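**Student:** Taken in order, these protein sequences are the chains called A and B. Going by this note's numbering, the first residue of the first sequence is number 2, and it counts up by one from there. Going by this note's numbering, the first residue of the second sequence is number 2, and it counts up by one from there. Each residue gets a CB set at the ideal place from its N, CA and C atoms; glycine is no exception. No experiment lies behind these values; they were computed from the predicted model shown. Please find one structure pasted underneath; my questions will follow.
Number of protein chains: 2
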Amino acid sequence: MAEYSAPKGMRDFLPDEMDRRERAIEAIKKIYRKYGFVPMDTPAMEMAEVLEKKCGEEIRGQIFRIDDGKHALRFDLTVPLSRVVSSNTFRKPFKRYCIGPVWRREEPQKGRFREFYQADADIIGSSSMRAEAELIACAHEAISALGFCGATVLLNDRRLAFKIAQSMLPGKESSLLRLLDKRGKISRQQMIEEFAKIGGADPKSQEMFIDFLGSMEKSATEKQRLELAEEHCPEAAESLSEIISLAQEYGRSIKIELDLALVRGMDYYTGPIFEIKLGEGIGSVAGGGRYDGLLGLYGQGDYAVGISLGIERLLSLMKEGKRAKGGVFVACTADEHYAQTIRIASAFRAAGIVAHTDLNSRSLKKQMEFASGCCAFIAIVGEKETAAGKLTLRDLESGKEELLGVEEAIRKVKERLA
Amino acid sequence: MAEYSAPKGMRDFLPDEMDRRERAIEAIKKIYRKYGFVPMDTPAMEMAEVLEKKCGEEIRGQIFRIDDGKHALRFDLTVPLSRVVSSNTFRKPFKRYCIGPVWRREEPQKGRFREFYQADADIIGSSSMRAEAELIACAHEAISALGFCGATVLLNDRRLAFKIAQSMLPGKESSLLRLLDKRGKISRQQMIEEFAKIGGADPKSQEMFIDFLGSMEKSATEKQRLELAEEHCPEAAESLSEIISLAQEYGRSIKIELDLALVRGMDYYTGPIFEIKLGEGIGSVAGGGRYDGLLGLYGQGDYAVGISLGIERLLSLMKEGKRAKGGVFVACTADEHYAQTIRIASAFRAAGIVAHTDLNSRSLKKQMEFASGCCAFIAIVGEKETAAGKLTLRDLESGKEELLGVEEAIRKVKERLA
């Protein structure tokens, strides 16, 4: 017997897992919708030239291409959004969400897949920091709707990061930003060594770099960081202050920290950038920022800012648990009663209750075994019950049985499952 | 300014359309779940060898292949299901639904796309006609949940179709089945000419074929068709009678017609086959059948029967209509009140109401214009309101305005949107 599995780095979502995913996605959609975001989706495939316009070398090598040389699979949801927005007319600000799969040919490892879901919310057409604050509050609420409390928002600004890098190693800003992105993954000592390698070997630069690393330590206050920001890039400092102050008005306690070494990989960011973390060692569960330059590549330009929930990581952190046992198995003691079990199952379904019947003419014992694996109740329809126009309802948890009319049984089940 | 569109035959789902799709998919899921089906999904990509195992020549040529020569995009949801079921252990009967996109490189035409959604429900591990009856009833209910009444189920059996073909043109069964599949698309006279071409030129065969076509006319009764079925294939006739009789027990009036010329394209069907039609000229909106042989190709074999809702056709038949205007736009008369508008919007959202705020510091007039395009209410927060801890709620349909506390406003909005 040959056995086949899903392709490397891709997953079959079996029912327990799929049920969790559907519920989590539903919960996120509900929050996005409450903030006035509307759904929009694009094809899995784009023309390869569209994807390659602004993807960076690393991702370029990870694109799944169709063998016609023209099509390729989307690697994120931002590029297709930019294409659609720049060739359609929307009332601005245009706020859309999209939750769907993307594909990257990465080397699979724990928690990293070649097909994975993204859950993005973006605001097109607002240059105001109100947009950033709304996205941060909305993502924070979505994360807490999935059961995670105490998320911390890390905040920085690309303009500021560049200016700070420039002050330390003029002309080597990009290398230094790439190094800063490794912070937390390599030791402080390694950071300093790497800094020397990319050109910061002289004592003055070293001192500045060490001072800068110091400003990132826990001992430094938000005020000190904000002062450092003001010194290097006043307009970024103003944006950051505004975001921090607005984000406090959303009726939620949102913890925000300035992280002047936050860089984020995508090279299309042009202003504030942010990540949301759940705790030490967990890594970020959401990230985003302002990318005012991207849309212009595809047509009419516009302001843009977005956030992407790391839905795969969030799902992996959620307690696994089995699906709750819901619904009723309407058992059948003999073939001649099957029509009656259908009628009773239909009555349960009409009341919104999940109902199963026995498709395999099994013994009552086998039916009960099966039912106990997926249902909260079993309803038995035999000789006695059919004659009385009733059914025997058995609570599979307590084992309690009652002879009831269909309407009474529906009421009982609804009460218990509510 | 360059403009880019979705690839040929593929679609961007803009918000109005996407909203309709999400709601329709939600409605179908709800029905599938009520019948005890559970969700399961598989990757967009499969290994090409998996897809090619049993796809027929036509579809083989339509597969989108990745340029690594190994991966390809799924062209239906049945093949991946077969792969997963045959390499996992599920409690049987296993009933799953899956609603998702598939890809075929067909020549795009009205209503036919290269990326389209399927909405399948399948039952694995039951040889009983109870499974067919349940699928038919469930799909019929899903179609009516989308607002379509009076659907007709066409029913046939592959074994019977083969036997009838054999009686008319022994050795040419496949050609004749392909011809029967064209019924309704070409004229009766053309059918007879085609029949002659594939070997039925002698008077006796012609007479049998014409008689058979006659049995398909409206004038023929179900009883006559069932007798014809019994004569050619008693076991198929018994299955069909059982399906018809069970399907009447689901508390719905389900119109079922035997259509002895129904063939359906996929060559993996082995027993009863069915389609659901909405009316003359609309074509089928659902189709399925028994495919007991397919799973064995991927590992352990088992009984299988499934139905696929033609969700793209159903969506195209649904009234388009705009999204209902819901929710509240919390307008802001001056920047210093923006924090207060966030607090009020947050209160609406906490009550489950969609709330927008002004992200662009626009004039009140501009905000009202924007709001009237997407909201049922506008809540104005200005000097007077902020001082009184209240807001002015304006019903954008009636134009009526009231000065209200936040709680009262929430109650008003909820009442109106309920």
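I want to see whether chain C comes within less than 8 Å of A:Pro-171, judged by CB atoms only; does it?
**Tutor:** The structure shown contains no chain C; its protein chains are A and B.
**Student:** Can you pull the chain B residues whose beta carbon is under 8 Å from the beta carbon of A:Met-48, in chain order?
**Tutor:** In chain order: Tyr-5 and Pro-8.
**Student:** In the DSSP output, which residue or residues are listed as bridge partners for B:Thr-153?
**Tutor:** B:Lys-256 and B:Lys-278
**Student:** Can you find a CB in chain A that lies within less than 8 Å of the CB of B:Ala-351?
**Tutor:** Output row for B:Ala-351: interface = yes.
**Student:** Here's the rule: buried if 16 or more other CB atoms are within 10 angstroms of the residue's CB, otherwise exposed. What is A:Glu-384?
**Tutor:** exposed
**Student:** Spatial neighbours of A:His-233 within its chain, please: CB distance less than 8 Å, with the 5 preceding and 5 following residues excluded, ordered by chain position.
**Tutor:** Leu-161, Lys-164, Ile-165 and Ser-168
**Student:** Say whether the region 274 to 288 of chain A touches the region 143 to 159 of chain A, bearing in mind that this needs 3 or more beta-carbon pairs closer than 8 Å, one atom from each stretch.
**Tutor:** yes
**Student:** Per DSSP, what kind of secondary structure is B:Met-2 in: helix, strand or coil?
**Tutor:** For B:Met-2, the predicted structure reports a pLDDT of 43, less than 50, and the residue's modelled location is therefore unreliable. The matter cannot be settled from this model.
**Student:** Measure the C-alpha to C-alpha separation of B:Met-48 and A:Phe-14 and round it to an integer number of angstroms.
**Tutor:** For B:Met-48 and A:Phe-14, the distance between alpha carbons rounds to 17 Å.
**Student:** Are the region 252 to 262 of chain A and the region 96 to 109 of chain A touching, with three or more C-beta to C-beta distances below 8 Å?
**Tutor:** no
**Student:** So, helix, strand or coil for A:Met-369, using DSSP?
**Tutor:** helix
**Student:** Just the Cα atoms here: how many angstroms apart are A:Ser-145 and A:Lys-326?
**Tutor:** 25 Å
**Student:** Within 8 Å (strictly less), CB to CB, does A:Ala-340 reach chain B?
**Tutor:** yes
**Student:** Along the chain, where does the beta strand (DSSP E) that runs through A:Ala-162 open and close?
**Tutor:** Taken as a continuous stretch (DSSP letters only), A:Ala-162 belongs to no beta strand (DSSP E), being part of the alpha helix (DSSP H) at 159 to 169.
**Student:** Looking only at its chain, what residues have a beta carbon closer than 6 Å to the beta carbon of B:Gln-249, apart from the 5 residues adjacent to it on each side?
**Tutor:** none
**Student:** Determine, using beta carbons only, whether A:His-141 comes closer than 8 Å to chain B.
**Tutor:** no
**Student:** For A:Phe-65, which residues in chain B fall below 9 Å Cβ to Cβ?
**Tutor:** Met-46, Ile-67, Asp-68, Asp-69 and His-72
**Student:** Which of the three DSSP states, helix, strand or coil, is assigned to A:Gln-63?
**Tutor:** coil
**Student:** If you reduce the DSSP assignment to three classes, tell me which class A:Tyr-33 lands in.
**Tutor:** Helix at A:Tyr-33.
**Student:** Can you confirm whether B:Thr-43, when its beta carbon is compared against all beta carbons of chain A, has any partner nearer than 8 Å?
**Tutor:** yes
**Student:** Using only the alpha-carbon positions, how far apart do B:Glu-402 and B:Arg-395 sit?
**Tutor:** 4 Å
**Student:** Taking CB distances under 8 Å as the criterion, tell me whether A:Asp-13 reaches chain B.
**Tutor:** At a cut-off of 8 Å, the C-beta of A:Asp-13 has a neighbouring C-beta in chain B.
**Student:** Could you list which residues in chain B have their beta carbon closer than 7 Å to that of A:Met-19, in chain order?
**Tutor:** The answer, in chain order, is Pro-40, Met-41 and Asp-42.
**Student:** So B:Ser-347 contacts chain A; which residues on that side make the cut at Cβ distance below 7 Å?
**Tutor:** Tyr-251 and Gly-252
**Student:** Which of the three DSSP states is assigned to A:Tyr-251 in this structure?
**Tutor:** coil
**Student:** Hey, A:Pro-44 and B:Pro-44: beta-carbon distance below 8 Å or not?
**Tutor:** no
**Student:** Might you give, ordered along the chain, the residues of its own chain that have their beta carbon closer than 8 Å to the beta carbon of B:Glu-116, omitting 5 neighbours on each side?
**Tutor:** The answer, listed in chain order, is Gly-10, Met-11, Arg-12, Pro-102, Val-103 and Trp-104.
**Student:** Below 9 Å on C-beta distance, what does A:Ser-364 contact in chain B?
**Tutor:** The premise fails here: A:Ser-364 is roughly 15 Å from chain B at the closest Cβ pair, so nothing lies under 9 Å.
**Student:** Would you kindly check if the distance between the Cβ of A:Lys-415 and the Cβ of A:Ile-354 is under 8 Å?
**Tutor:** yes
**Student:** When you compare the CB of A:Arg-34 with every CB in chain B, is at least one pair closer than 8 Å?
**Tutor:** So, interface residue.
**Student:** Name, please, each residue of chain A whose Cβ falls closer than 8 Å to the Cβ of B:Ala-132.
**Tutor:** Within chain A, the residues placing a beta-carbon under 8 Å from that of B:Ala-132 are Leu-360, ordered along the chain.
**Student:** When Cβ atoms are compared, which residues of the region 294 to 324 of chain A fall closer than 8 Å to chain B?
**Tutor:** Tyr-299, Gly-300, Gln-301 and Arg-324
**Student:** Please report the distance separating the alpha-carbon of B:Met-2 from that of B:Lys-173.
**Tutor:** Any reading at B:Met-2 is ruled out, since the residue's pLDDT is 43, under 50, leaving its predicted position unreliable.
**Student:** So, is the C-beta of A:Met-2 closer than 8 Å to a C-beta in chain B?
**Tutor:** With a pLDDT of 43 at A:Met-2, under the threshold of 50, the modelled position of that residue is not reliable, and no figure is offered here.
**Student:** So, with DSSP's three-state summary, where would you put B:Ala-7?
**Tutor:** coil
**Student:** Just verifying my parser: in three-state terms, what is the DSSP assignment at A:Arg-113?
**Tutor:** In this structure, A:Arg-113 counts as strand in the three-state DSSP scheme.
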